[in-house]
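K.L.:
In this text, residue positions in the sequence shown follow my numbering: the first is 8, and each later residue adds one. Can you keep this structure in mind? I'll have questions shortly.
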Amino acid sequence: MPEPGSHPSPAAAPRPASKQSWLAAQGRLPLAFMGLALIWLLVATTLLVAHPGLLGMPHAAPPVIALTHSWMLGFFVTVACGAVYQLVPVALTTTLWKENLGWWHFWLHAVGVPGMVFFFQSYQLKWVALFATAVILGVLLFTVNTWVTVGRSTRRDVVAWAIILAAGWLCLAVLAGLFLALNRLFTWVPVAPLALLRMHAHLGLIGFFLALLQGVAFQLIPMFTMGEVRDWGPAKAGLWFSQAGLVALVPALIWQWAVLTYLGAVAVTIGLVFSGYGLQQSLTTRKKRKLDPGIAVFLRGGIGIYAAALAGIALTLPDSTRSTAVGGFNPMIYALLGILGGLMPCIAGMMCKVVPFLTWMRVYGPLVGRRPTPPAHSLTHPRLEYWGLGLQQFAVLPLLVGAWWSSQLWLHLGAWLLAVGVVLFLADMVGVMKHLWLPATAPAPGPALKPKLTASQTK
Ligand code: HEM
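Encoded structure:
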């Protein structure tokens with residue numbers, strides 16, 4: 008997936024016909040998910056700006072849960088599913104098994120998530136469960152589609168395994184979410200709700216997002232920096248250590264086994280260290296020395312993830328008393344570090360590369376060789392990207408201070424900074440996607456990239 012440019016280049020010529028035509032014809036599906044995710048980003052940010060004080064409340068309070076799901080299910084899961092629909096065919100050199108199942112997933116998700124978020128506000132769990140069923144059906148279709156597509160390809164490396172595992176964990180996370188809601192209503196199993204809540208949240212965060220990042224980073228970063236992965240050992244160790252850690256964490260969180268919880272958190276963190284090392288090794292091979300803002304921010308997200316992992320270990324220390332507290336070092340700090348400090352830059356940074364690429368493939372890909380086309384990178388607005396992503400990251404500091412000191416002032420400041428960053432980022436993304444309806448008639452100014460494929464990229 009090298010950067011497409013306006014002039015015939017060595018990268019444009021050897022692209023397999025099936026890959027190019029799939030993205031031109033079916034790239035609509037990942038783009039639809041990206042578009043929906045951007046709407047949710049606006050909604051979720053508005054909810055946060057309207058009530059920044061929520062971040063100073065106990066994390067299991069209903070409006071906090073509604074806010075969490077507007078971010079997690081509305082924005083992050085939607086982007087990630089769109090990215091998987093795009094990445095699986097590209098990475099595995101195949102086509103998606105059934106595109107129409109992807110569209111069913113899209114509509115079920117588009118209907119289910121707003122219903123869930125709305126009814127979470129007033130904690131009407133019967134309605135939450137109803138809309139959640141739509142979301143779950145969509146996720147099941149996503150998982151089957153992904154598994155069959157990977158199954159039909161011959162690739163069985165870390166990238167393929169990460170996609171298989173992430174899709175499986177997402178299924179378990181959403182089923183656990185439904186179980187949580189129903190168990191609150193009917194008390195089928197006498198387990199502490201907070202313990203189940205933690206298990207569910209970690210299935211989603213570590214099982215889906217972290218596994219996905221630990222795999223797809225090794226596909227995307229070499230692609231976009233024109234580097235390669237020479238040694239897959241650290242990437243493999245990273246994925247499997249984190250997986251082992253999660254397998255330990257799930258029962259440990261449910262039954263509140265403190266020592267196993269601690270060991271699970273340590274194993275996940277060791278996995279992160281291996282993945283980071285592997286990625287750093289791959290970066291040393293890159294031919295594109297200067298990193299784009301999107302890639303730089305994606306990599307900086309790793310710092311937030313490491314910080315969250317350390318905070319998680321501190322929370323699991325057997326003598327930690329911070330498990331439900333508000334103010335000071337508490338679970339909200341851990342969540343903010345992981346979600347806004349880690350996941351947000353990774354996902355937003357990745358979107359800065361993936362959305363222009365998909366838009367370019369759909370609009371200009373079919374025109375290559377027939378008329379001059381603008382290079383994909385000219386679709387974005389670098390200043391908007393730089394400031395948008397930068398402010399989003401900077402906003403995490405006041406939010407952390409606000410949650411730590413229980414200070415409304417700092418929470419408001421952080422929420423507004425985040426909102427400005429999000430608005431700039433949205434303006435950049437809308438500017439890219441407008442090409443779908445208003446294609447440029449002449450090539451945009453600026454040098455076209457002429458990337459060369461490396462040996463690993465052509466595999
Ligand atoms: C159909 C899908 C889902 C359903 C039905 C669902 C349901 C729930 C419920 C009922 C709770 C609160 C439990 C309680 O009150 O005891 C909860 C909390 C939570 N869920 Fe989900 N969930 C779903 C998907 C997800 C996904 C995909 C993630 C992604 C990571 C996620 C992350 C969380 C988090 C982080 C919390 C804790 C919220 C907080 O402490 O503020 N959920 N979920």
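Here a beta-carbon is modelled for each residue, glycine too, at the ideal position from N, C-alpha and C.
Straight-line CA distance for Trp195 to Arg35?
P.N.:
42 Å
K.L.:
When you compare the stretch 224 to 241 with the stretch 157 to 174, are there three or more beta-carbon pairs, one atom per stretch, that lie closer than 8 Å?
P.N.:
Verdict: yes, contact present.
K.L.:
What residues in its chain sit with their C-beta under 6 Å from that of Ala251, if we drop five residues either side in the sequence?
P.N.:
Ala274
K.L.:
Express the C-alpha separation of Trp423 and Trp417 in angstroms, rounding to a whole number.
P.N.:
Distance between Trp417 and Trp423, taken at the CA atoms: about 10 Å.
K.L.:
Sorry if obvious, but does the Cβ on Met79 come closer than 6 Å to a heavy atom of the ligand HEM?
P.N.:
yes
K.L.:
Rounded to a whole number of angstroms, what is the C-alpha to C-alpha distance between Thr140 and Ala218?
P.N.:
24 Å
K.L.:
Shorter than 6 Å, the distance from the beta carbon of Thr194 to the closest heavy atom of the ligand HEM, or not?
P.N.:
no
K.L.:
Counting beta carbon pairs with one atom in the stretch 421 to 436 and one in the stretch 391 to 400, are three or more of them shorter than 8 Å?
P.N.:
yes
K.L.:
Nearest-angstrom Cα distance between Val48 and Leu74?
P.N.:
Contrary to the premise, residue 48 reads as Leu rather than Val in this sequence. Going from the Cα of Leu48 to the Cα of Leu74 covers about 11 Å.
K.L.:
Going by C-alpha to C-alpha distance, which of Phe364, Thr102, Tyr371 and Leu210 sits closest to Ala255?
P.N.:
Ranking the options by Cα distance to Ala255, first place goes to Leu210.
K.L.:
Following the continuous alpha helix (DSSP H) through Ala332, name the residue where it begins and the one where it ends.
P.N.:
From DSSP, Ala332 is part of no alpha helix (DSSP H); its letter is neither H nor E.
K.L.:
Tell me the rounded alpha-carbon separation between Pro381 and Leu298.
P.N.:
21 Å
K.L.:
Quick check: what's the CA-CA separation for Val236 versus Gly283?
P.N.:
13 Å
K.L.:
Can you grab the Cα-Cα spacing for the pair Thr100 / Ser160, in whole Å?
P.N.:
8 Å
K.L.:
Would you mind working out which of Leu322, Leu172, Ile354 and Gln288 sits nearest Arg307, comparing C-alpha positions?
P.N.:
Ile354
K.L.:
On the three-state DSSP scale, how would you describe Gly356?
P.N.:
helix
K.L.:
With distances taken Cα to Cα, identify the nearest neighbour of Thr323 among Val333, Glu106 and Asn337.
P.N.:
Asn337
K.L.:
DSSP state of Gly234, grouped into three classes?
P.N.:
Three-state DSSP puts Gly234 in coil, outside helix and strand.
K.L.:
Using a 10 Å radius around the Cβ and a threshold of 16 neighbouring Cβ atoms, would you call Ser129 buried or exposed?
P.N.:
exposed
K.L.:
In the DSSP assignment, find the alpha helix (DSSP H) that holds Ser289 and state where it starts and stops.
P.N.:
According to the DSSP assignment, Ser289 belongs to the alpha helix (DSSP H) that extends over Ala265 to Thr291.
K.L.:
To the nearest angstrom, how far is it from the Cα of Ser25 to the Cα of Val437?
P.N.:
Its pLDDT being 45, under 50, Ser25 is placed unreliably in this model, and the value from its coordinates should be taken loosely. The alpha-carbon atoms of Ser25 and Val437 are separated by roughly 28 Å.
K.L.:
Excluding the 5 residues flanking Ile261 on each side, which residues of the same chain have their C-beta closer than 8 Å to its C-beta?
P.N.:
Val198, Ala202, Leu203 and Met206
K.L.:
Under a three-way DSSP split, which group does Val157 fall into?
P.N.:
helix
K.L.:
Can you tell me whether Met7 is helix, strand or coil according to DSSP?
P.N.:
Any question about residue 7 goes unanswered here, given that the chain covers just 8 to 466.
K.L.:
Between the alpha carbons of Pro6 and Tyr371, how many angstroms are there, rounded?
P.N.:
The question about residue 6 has no answer here: the residues shown for the chain are numbered 8 through 466.
K.L.:
For Lys360, is the classification buried or exposed, using 16 other Cβ atoms within 10 angstroms of its Cβ as the cut-off for buried?
P.N.:
Buried, since its Cβ has 16 or more Cβ neighbours within 10 Å.
K.L.:
So, under 8 Å CB-CB, Met440 and Gln399 are touching, yes? Tell me the CB distance rounded to an integer number of Å.
P.N.:
Incorrect: roughly 19 Å between the Cβ atoms, too far for contact.
K.L.:
Below 8 Å on the Cβ atoms is my contact criterion, and I expect Ser249 with Gly278 to pass it. Report the Cβ-Cβ distance as a whole number of Å.
P.N.:
3 Å
K.L.:
Tell me whether Ala98 counts as near the ligand HEM, meaning its Cβ is closer than 6 Å to at least one heavy atom of that ligand.
P.N.:
Outside the cutoff, so no.
K.L.:
How many Å lie between Pro229 and Thr291 at the Cα?
P.N.:
10 Å
K.L.:
Buried or exposed: which applies to Gln287, given that a residue is buried once 16 or more other Cβ atoms fall within 10 Å of its Cβ?
P.N.:
Looking at its Cβ environment, which holds fewer than 16 other Cβ atoms inside 10 Å, Gln287 is exposed.
K.L.:
Measure the beta-carbon distance from Val135 to Cys178 and round it to whole angstroms, keeping in mind my assumption that it falls under 8 Å.
P.N.:
18 Å between Cβ atoms; not a contact.
K.L.:
Let me know the alpha helix (DSSP H) ranges lying completely inside the stretch 380 to 419, each 4 residues or longer, listed in chain order.
P.N.:
389 to 401 and 403 to 412
K.L.:
Jot down the residue ranges of each uninterrupted beta strand (DSSP E) in the stretch 177 to 258, minimum 3 residues, whole runs only, in chain order.
P.N.:
none
K.L.:
Would you kindly work out how many angstroms separate the C-alpha atoms of Thr153 and Lys105, rounded to a whole number?
P.N.:
9 Å
K.L.:
For a test of the three-state rule: what should DSSP assign to Gln93, helix, strand or coil?
P.N.:
helix
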